[in-house]
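In the numbering used here, the protein residues as written are 4 to 174. Every residue gets a Cβ at the ideal spot worked out from N, C-alpha and C, and that includes glycine. Since the structure comes first, as structure tokens, the remarks are kept for the end.
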Amino acid sequence: MSAIALLKYAVLLLFPLLMTYAGIMDLLTFKIRNVLVLFLLILWLIAAPLAGLTLHEMGLSLAVGLATFCVTFAFFAAGWIGGGDAKLASVAALWFGWDDVLPYFALASVLGGLLTLLVLQLRMGRVPFPNYWPNCLGRFRDGESGVPYGVAFAAAALILFHQTDWLPRLA
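What follows is the structure, encoded as structure tokens:
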């Protein structure tokens with residue numbers, strides 16, 4: 004197997020693994036590390052040419068990522084989402100590009116809404132909060148903690164990634 008083929012398979016494996024890690028870390032710590040977002044960006048910069056994206060396609064993806072960053076930064080400035088969530092959404096939009104970004108954000112919105120409802124139900128005591136849950140999940144009882152939307156962004160990416168052009172282009 005050639006080095007290029009191994010690199011392609013690594014990309015196909017790394018993106019879902021990194022998104023899974025981002026979702027789990029946001030769930031447990033309410034933080035998404037900058038280095039993780041940077042690694043996803045660098046991975047895209049390697050993957051895009053490997054997948055045969057044209058300069059036009061890469062430019063559209065970059066425009067989608069930048070537009071997403073502008074919108075999500077405004078959401079962050081308004082206090083609606085965290086900074087890590089904004090950065091993760093932006094780099095995910097880059098990966099999904101022009102063709103797949105709307106289904107991605109539609110699904111992420113639905114999942115984020117369901118997550119928000121669950122967190123609100125936990126905080127109101129309508130859903131029992133098990134005593135055996137780890138202490139790190141105790142933040143869900145705290146009304147000041149917000150909602151870890153990175154979980155929804157990561158879950159939507161994992162659900163939809165296999166339906167994008169990445170698989171046929173890199174496999």
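A contact is defined here as three or more CB-CB pairs under 8 Å, and the region 118 to 129 fails this definition with respect to the region 40 to 57. Following the DSSP letters along the chain, one finds tyrosine 107 inside the alpha helix (DSSP H) bounded by residues 86 to 127.
Taking 8 Å as the cut-off, the Cβ atoms of leucine 15 and leucine 170 count as close. In the three-state reduction of the DSSP assignment, proline 52 falls in the helix class, which pools H, G and I. Annotated three-state conformation of isoleucine 35 is coil, per DSSP.
Here methionine 4 is exposed: its Cβ has fewer than 16 other Cβ atoms, across all protein chains shown, within 10 Å.
In the DSSP assignment, proline 171 falls within the alpha helix (DSSP H) that extends over 169 to 173. Using a 10 angstroms sphere on the CB of tyrosine 12, the tally of other CB atoms stays under 16, which defines it as exposed. Approximately 5 Å separates the beta-carbon atoms of isoleucine 35 and glycine 153; this is inside 8 Å, confirming the contact. In the DSSP assignment, glycine 82 falls outside any alpha helix (DSSP H) and carries neither an H nor an E. According to the DSSP assignment, glycine 149 belongs to no alpha helix (DSSP H), since it is labelled neither H nor E.
Judged by their CB atoms, proline 19 and phenylalanine 164 are nearer to each other than the 8 Å cut-off. Distance from the CA atom of alanine 111 to the CA atom of alanine 158, rounded to whole angstroms, is 7 Å.
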